[in-house]
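Quick note: the sequence shown uses numbering that gives the first Met the number 0, first residue 0, plus one each step.
Each residue gets a CB set at the ideal place from its N, CA and C atoms; glycine is no exception.
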Amino acid sequence: MKDKYSIGFVDVGGWDTHVGQGGASGYLAGRFDELGRGLAAFAQEMGGDWRDTITVVVSEFGRTFRENGNRGTDHGHGSVLWVLGGGIRGKCIAGAQIRVEQASLFQNRDFPVLNEYRAVLGGLFARAYGLSAAQLEHVFAGVKARDLGLI
0 MKDKYSIGFV
10 DVGGWDTHVG
20 QGGASGYLAG
30 RFDELGRGLA
40 AFAQEMGGDW
50 RDTITVVVSE
60 FGRTFRENGN
70 RGTDHGHGSV
80 LWVLGGGIRG
90 KCIAGAQIRV
100 EQASLFQNRD
110 FPVLNEYRAV
120 LGGLFARAYG
130 LSAAQLEHVF
140 AGVKARDLGL
150 I
């Protein structure tokens, strides 16, 4: 287990797009552009330390697959996590996946939760910091860590 842990958090709001979400050049696309530019700037600023940095982008909820009546989407269940860093085995889609079709939607509208975020974070923490299952239980009680082989 490593002697020192360096963990930081950034909360970026403005993603609750119930109304006027837009298409390829709309509000949501602008938010993704801003996020991407911010992540790229962070990676560049980290310089050589980027190889030892793990960045996770996660949302507390997903969005519905179908547009609502206000040209937006409502809160959903399944979502995605982006894992970035110089030492990350990236350029892939990792974790459980399903074919997106009517029968696979949760409540006939949402992508189901396939990769529980606490399990994925636990797997990353176990690899990055050498934490045991017992130690992870203190942080993510009742959740078994899932190593997706990203580190």
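Counting the other Cβ atoms within 10 Å of the Cβ of A40 gives fewer than 16, which makes it exposed. Under DSSP, R62 takes part in a beta bridge, and its partners are H74.
For V57, the enclosing beta strand (DSSP E) begins and ends at 54 to 57.
Contact between the segment 52 to 62 and the segment 82 to 94 is present, with at least three C-beta pairs closer than 8 angstroms. Looking at the DSSP output, F105 sits in a beta bridge with D109. Secondary structure at L27: helix, using DSSP grouped into helix, strand and coil.
Annotation: the continuous beta strand (DSSP E) that includes V82 extends over 80 to 83.
About 6 angstroms separates the CB atoms of R65 and R108; that is less than 8 angstroms, so the two are in contact. Following the DSSP letters along the chain, one finds Q134 inside the alpha helix (DSSP H) bounded by residues 132 to 138. Pairing V142 with R126 gives a Cβ-Cβ distance that is not under 9 angstroms. Using a 10 angstroms sphere on the CB of R50, the tally of other CB atoms stays under 16, which defines it as exposed. A residue is called buried once 16 or more other Cβ atoms fall within 10 Å of its Cβ, and G68, having fewer, is exposed.
Just measuring C-alpha positions, the residue of G121, I97, A140, L34 sitting nearest D146 is G121. Under the three-state reduction of DSSP output, V11 falls in the coil class, being neither helix nor strand.
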